[in-house]
Structures are given as C-alpha cells and as structure tokens.
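*Asks:* Questions regarding the structure given below will be posed in turn.
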C-alpha cells in the first residue's frame with residue numbers, strides 16, 4: 024500500500040520520527056571521519072555523513088556542521104585552517120560511529136575510539152591511519168546556512184593518500200569498492216556497497232534507444 | 024604500495040584524470056532524479072548525485088547545480104518555486120544516467136528516457152512514477168558558491184511519497200535497502216547497497232569499551 028505524507032502529516036508527526044524520516048530521504052550518504060587539531064595540538068575526530076563534491080577545478084570538497092553549541096571541529100578548522108577527510112571502511116565503522124559522543128574538548132576521539140592519528144610533513148591536521156582513502160584540505164570558504172543553523176565548510180584538496188595505489192584508476196577515479204569504503208543511511212545504519220554498472224558519458228549524438 | 028598525491032601532483036595531473044579522482048574522493052553519493060516544470064508546463068528531469076540533508080526542523084534538503092550555461096533545472100525552480108527528488112533504483116539506473124545528456128529545453132528527459140511523469144494535486148512539479156521514494160519540495164533558499172560557480176538549492180520538504188508503506192519504520196526512518204535505492208560513485212558508476220550494522224546513539228555515559 025502506498026503512503027503519502029503531506030505537509031500537515033509531516034508537521035504533525037512526532038519529532039523523533041520526523042527527524043529519522045528526513046534524515047533518510049536524501050538517499051545514501053558518504054561515510055567519513057573529519058580530523059582536526061587546535062593550535063595547542065589537541066586533536067579531534069568526528070564522523071560526518073554530509074561530505075559533498077563542490078568542484079574539480081579547483082578541487083574542492085565540502086561538509087555541513089551545526090553552527091551552535093560546542094563545535095570542536097568547526098572551531099579547530101577556523102583556528103588552524105586545515106582538516107582531513109578519511110573514508111570509513113567496515114573494519115572501523117563501529118569505532119567511527121562512536122566519535123559522535125559529545126566528549127569535552129580535552130578528550131581526543133582518536134584515543135577514546137582506538138583510532139590512530141597519522142601525520143605527514145608540512146600539514147598539521149591528523150589523518151586516520153586505519154582509513155584507506157584520506158584527503159588533506161585547507162579551508163577555502165565558510166558559508167552560513169541561516170535556515171538550518173548550519174555552516175558549509177569548503178576546503179581545497181591539497182593531499183590525497185591511498186593505502187594502495189591500485190585503488191586509483193586514471194580512467195574512472197578511485198575504485199571505492201576496492202578500497203572497502205562504506206556508506207550511511209539515516210542516523211545509525213552502515214552499508215556495504217557493490218558496483219553493478221558503469222555507463223558511458225551521456226551525449227545527445229550517441230543516445231541509446233530505450 | 025601506498026600512493027600520495029600532493030598539491031603539485033594534483034595540479035600536474037591531466038585534467039580528465041583529476042576530474043575523475045576528485046569526483047570520487049568524497050565517497051559514495053546519493054542517486055536521485057530531480058523533476059521540474061516551467062510555467063508553460065514543459066517538464067525536465069536531471070540526475071543529481073549531490074542531494075544532501077540540510078535540516079530536520081524545518082525539514083530541508085539541498086543539492087548543487089552548476090550556475091553557468093543552459094541550466095533548465097535551476098531556471099525551472101526559480102520560475103515555479105517547486106521541484107521533486109526521486110530515488111533511483113536498479114530498474115531505472117540506466118535510463119536515469121542518460122537524463123544527463125544535454126538536450127535543448129523543448130525536449131523532455133522523461134520522454135527521451137522512457138520515464139513517466141506523475142502529478143499530485145496542488146503541487147506543480149512532476150514526480151517520477153517508476154521511483155519508489157519521492158519527495159516534493161518548495162524552494163526555500165538559493166546560495167551561490169563563488170569558488171566553484173555552483174548554486175546550492177535548498178527546498179522545504181512538503182510531500183513524501185512511498186510506493187510501499189512498509190519502507191517507513193518510525194524508529195529508524197526509511198529502509199533504503201527495502202526500497203531498492205542505489206548509490207553512485209564518481210561520474211558513471213552505480214552500486215547496490217546492503218546494510219551490515221545499525222549502532223545505538225553515541226553517548227558519553229554509555230560509551231562502549233573498545
């Protein structure tokens with residue numbers, strides 16, 4: 024049987040159910056850990072399901088953070104101008120999920136969740152050693168979204184670290200299946216992913232006959 | 024063997040390879056068709072892999088569009104203030120992919136790709152009949168991202184249509200596996216998804232012992 028939630032039904036729905044519904048209707052979400060550090064070298068790690076591609080030339084990724092309350096990730100990025108985005112794989116999904124507990128700033132989620140900070144030369148923010156695809160970024164812009172009380176953080180991609188060079192195929196990009204990257208739905212569900220098709224660049228001149 | 028692309032390596036990489044690399048490093052992306060209509064009732068359908076959750080209270084989803092060139096989706100939304108977001112399932116992935124061919128505005132991608140426009144009362148934008156999870160939205164905000172020449176379109180969720188009421192579980196949101204929703208990587212790859220875990224809300228007080 025079909026189900027139609029109209030505006031009234033959405034408004035009248037109890038708050039907890041609505042949050043779960045709305046968090047699931049965008050479809051599957053990317054699964055990443057954002058690593059940051061403050062000027063006193065206290066590091067921070069946060070699971071983020073809102074990382075999006077912003078542009079390729081220049082190379083830009085973004086993600087959304089809440090702008091209210093105690094936001095260590097946002098504060099650290101504004102302080103040091105750098106952050107990392109680390110793909111979550113199945114082996115670290117459980118630990119990654121628990122970085123969302125609201126620890127005080129003096130506590131490192133790396134330590135609490137038994138993940139290992141990894142540093143490279145001339146770049147201050149910590150990567151996650153257990154992640155297999157890692158991106159280092161420098162802050163490029165910060166856009167406040169008034170309607171939702173969130174901030175879109177945009178970074179320039181300055182480093183890409185792959186655990187295995189075979190993950191990258193020049194003709195198609197990173198093979199995320201091979202890298203074991205997972206995805207998220209809603210607020211709490213983690214999923215394996217398996218490619219079933221790649222299609223050619225769509226052109227009017229060579230359009231398929233459906 | 025590990026691979027490290029630093030800023031120089033990224034800049035020196037040939038353009039086509041860099042676009043493919045950068046389009047794949049955000050992780051898996053949501054797979055949706057955005058349906059719009061103009062004031063003359065000419066409809067339009069576009070595959071979009073950048074739909075993101077913006078907020079739950081009010082309920083908001085967003086997606087990014089290029090702000091240059093002939094952008095029928097953006098023009099239609101500005102004209103009629105409404106649009107739809109329709110989850111892509113495996114049965115329509117091939118057709119959905121080819122909505123990205125650059126047809127002139129007089130051509131409807133619904134017709135070209137053999138997908139069926141579906142309308143509900145008091146809402147002008149077309150849904151995709153073959154999609155199993157559909158969202159109707161009214162334009163809430165439009166934010167230009169200067170760095171990338173893109174625009175973030177944000178809509179208020181006013182309708183949620185589910186082909187089967189069993190897709191919705193009040194305690195966890197929409198079961199995307201059950202709805203057959205798929206996800207995207209890079210520019211051309213489509214993936215099946217299978218849940219392997221759900222974890223409890225992370226709290227300091229009941230933190231697991233890793």
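Chains as they are written, first to last, in our numbering: chain A, 24 to 233; chain B, 24 to 233.
Cβ atoms here follow ideal geometry from the backbone N, Cα and C, with glycine treated the same way.
All of these numbers come straight from a predicted model, not from anything done at the bench.
(1) Compare the C-beta of residue 114 of chain A against all C-beta atoms of chain B and say whether one is closer than 8 Å.
(2) For residue 227 of chain B, is the classification buried or exposed, using 16 other Cβ atoms within 10 angstroms of its Cβ as the cut-off for buried?
(3) Pick from A:165, A:214 and A:225: whose alpha carbon is nearest that of residue 222 of chain B?
(4) Flag this pair as yes or no: are the beta carbons of residue 171 of chain A and residue 78 of chain B separated by less than 8 Å?
(5) Between the region 199-217 of chain B and the region 173-193 of chain A, do three or more beta carbon pairs fall short of 8 Å?
(6) Could you compute how far the alpha carbon of residue 97 of chain B sits from the alpha carbon of residue 68 of chain A?
(7) For residue 185 of chain B, count the other beta carbons within 10 Å of its own beta carbon; 16 or more makes it buried, fewer makes it exposed. Which is it?
(8) Please list the partners that residue 177 of chain A has in chain B, where partner means a Cβ-to-Cβ separation under 9 Å.
(9) For the candidate residues A:220, A:225, A:147 and A:119, whose alpha-carbon lies nearest to that of residue 136 of chain B?
(10) Does the beta-carbon distance from residue 29 of chain A to residue 95 of chain B come in below 8 Å?
(11) Distance check for residue 176 of chain B and residue 85 of chain B, CA to CA, integer angstroms please.
(12) According to DSSP, is residue 86 of chain A part of a helix, a strand, or is it coil?
(13) Can you tell me which of the three DSSP states residue 142 of chain A falls into?
(14) Of all Cβ atoms in chain B, is any one closer than 8 Å to the Cβ of residue 211 of chain A?
(15) Strictly below 9 Å CB to CB, what residues from chain A border residue 203 of chain B?
(16) Could you please give the first and the last residue of the uninterrupted alpha helix (DSSP H) stretch that includes residue 96 of chain B?
(17) Return the chain-ordered list of same chain residues with a C-beta closer than 7 Å to the C-beta of residue 99 of chain B, the five sequence neighbours on each side being excluded.
(18) Do three or more CB pairs link the region 101-120 of chain A to the region 157-168 of chain A at distances below 8 Å?
(19) For the beta strand (DSSP E) holding residue 164 of chain B, just list the boundary residues, first then last.
(20) According to the Cβ coordinates, are residue 196 of chain B and residue 46 of chain A closer than 8 Å?
(21) Applying the criterion that 16 or more other CB atoms from any shown protein chain within 10 Å of the CB defines a buried residue, is residue 169 of chain B buried or exposed?
(22) What residues of chain B sit near residue 29 of chain A, judged by a beta carbon separation below 8 Å?
(23) Can you tell me which of A:64, A:52, A:51 and A:32 puts its alpha carbon nearest to the alpha carbon of residue 140 of chain A?
(24) Taking just the CA atoms, how far does residue 206 of chain A sit from residue 208 of chain B?
(25) Given that residue 231 of chain B touches chain A, what residues does it touch there, using C-beta distances under 7 Å?
(26) By a C-beta neighbour count over all protein chains shown, 10 Å radius and 16 as the cutoff for buried, is residue 232 of chain A buried or exposed?
(27) In chain order, what residues of the same chain lie with their CB nearer than 6 Å to the CB of residue 132 of chain B, ignoring the 5 residues before and after it?
(28) So which residues on chain A does residue 100 of chain B lean against when the C-beta distance must stay under 9 Å?
(29) With DSSP collapsed to three states, give me the class of residue 79 of chain A.
(30) Is residue 110 of chain A close to chain B, meaning its C-beta is less than 8 Å from at least one C-beta of that chain?
*Replies:* So, from the listed chains and residues:
(1) Indexing the first chain from 1 puts residue 114 of chain A at position 91. So, not an interface residue.
(2) Within the second chain, residue 227 of chain B is the residue found at index 204, counting from 1. Exposed, because fewer than 16 other Cβ atoms sit within 10 Å of the Cβ of residue 227 of chain B.
(3) Position 199 of the second chain, counted from the start, is the residue given in the question as residue 222 of chain B. It is A:214.
(4) As a first step, residue 171 of chain A must be located in the first chain, where it is residue number 148. As a first step, residue 78 of chain B must be located in the second chain, where it is residue number 55. Cβ distance < 8 Å, so residue 171 of chain A and residue 78 of chain B count as in contact.
(5) no
(6) The residue you call residue 97 of chain B lines up with position 74 of the second chain. The residue you call residue 68 of chain A lines up with position 45 of the first chain. One C-alpha to the other measures close to 36 Å.
(7) By 1-based counting over the second chain, the position of residue 185 of chain B is 162. Under this definition residue 185 of chain B is a buried residue.
(8) As a first step, residue 177 of chain A is located in the first chain; it is residue number 154 there, counting from the start. Under the 9 Å cutoff, chain B gives 168, 170 and 171.
(9) Position 113 of the second chain, counted from the first residue, corresponds to residue 136 of chain B. Out of A:220, A:225, A:147 and A:119, A:225 has the C-alpha closest to the C-alpha of residue 136 of chain B.
(10) Translated into the one-based positions of the first chain, residue 29 of chain A becomes position 6. Translated into the one-based positions of the second chain, residue 95 of chain B becomes position 72. Cβ distance not < 8 Å, so residue 29 of chain A and residue 95 of chain B don't count as in contact.
(11) As a first step, residue 85 of chain B is located in the second chain; it is residue number 62 there, counting from the start. As a first step, residue 176 of chain B is located in the second chain; it is residue number 153 there, counting from the start. Whole-angstrom Cα-Cα distance: 5 Å.
(12) For the purposes of this step, residue 86 of chain A is taken as the residue at position 63 of the first chain. Strand.
(13) On the first chain, residue 142 of chain A is found 119 positions in, with the first residue counted as 1. The answer is strand: DSSP assigns residue 142 of chain A an E or B state.
(14) Position 188 of the first chain, counted from the start, is the residue given in the question as residue 211 of chain A. Judged by the 8 Å Cβ criterion, residue 211 of chain A is in contact with chain B.
(15) Position 180 of the second chain, counted from the start, is the residue given in the question as residue 203 of chain B. Per Cβ cutoff of 9 Å: no residues; residue 203 of chain B is ~12 Å from chain A at best.
(16) One-based indexing of the second chain puts residue 96 of chain B at position 73. Residue 96 of chain B -> alpha helix (DSSP H) spans 95-103.
(17) To locate residue 99 of chain B, count along the second chain from 1; it is residue 76. The residues are 59, 60, 61 and 67.
(18) yes
(19) The residue labelled residue 164 of chain B in the question sits at position 141 within the second chain. Residue 164 of chain B -> beta strand (DSSP E) spans 156-168.
(20) Reading the second chain from its first residue, position 173 is the one you call residue 196 of chain B. Reading the first chain from its first residue, position 23 is the one you call residue 46 of chain A. Yes, Cβ-Cβ distance for residue 196 of chain B and residue 46 of chain A is below 8 Å.
(21) The residue given as residue 169 of chain B occupies position 146 in the second chain. Its Cβ having fewer than 16 others within 10 Å, residue 169 of chain B is exposed.
(22) The residue given as residue 29 of chain A occupies position 6 in the first chain. Listed by position along chain B, the residues whose Cβ is nearer than 8 Å to that of residue 29 of chain A are 181 and 182.
(23) Within the first chain, the letter at position 117 stands for residue 140 of chain A. Comparing Cα positions, the closest option is A:64.
(24) Taking the first residue of the second chain as position 1, residue 208 of chain B is located at position 185. Taking the first residue of the first chain as position 1, residue 206 of chain A is located at position 183. Rounded to the nearest angstrom, the two C-alpha atoms are 11 Å apart.
(25) Walking along the second chain from the start, residue 231 of chain B turns up at place 208. Near residue 231 of chain B (Cβ distances below 7 Å), the residues of chain A are 121.
(26) Within the first chain, numbered from 1, the residue matching residue 232 of chain A stands at position 209. With fewer than 16 other Cβ atoms within 10 Å, it is exposed.
(27) Numbered from 1 along the second chain, position 109 holds the residue referred to as residue 132 of chain B. Excluding sequence neighbours, residue 132 of chain B sits near 68 and 122.
(28) As a working note, residue 100 of chain B is residue 77 in the second chain. What residue 100 of chain B touches in chain A, judged by beta-carbon distance under 9 Å, is nothing: the nearest beta carbon there is about 16 Å away.
(29) Residue mapping note: residue 79 of chain A aligns to position 56 of the first chain, counting from 1. Reduced to three states, the DSSP call for residue 79 of chain A is strand.
(30) Taking the first residue of the first chain as position 1, residue 110 of chain A is located at position 87. Yes - at least one Cβ of chain B is within 8 Å of the one on residue 110 of chain A.
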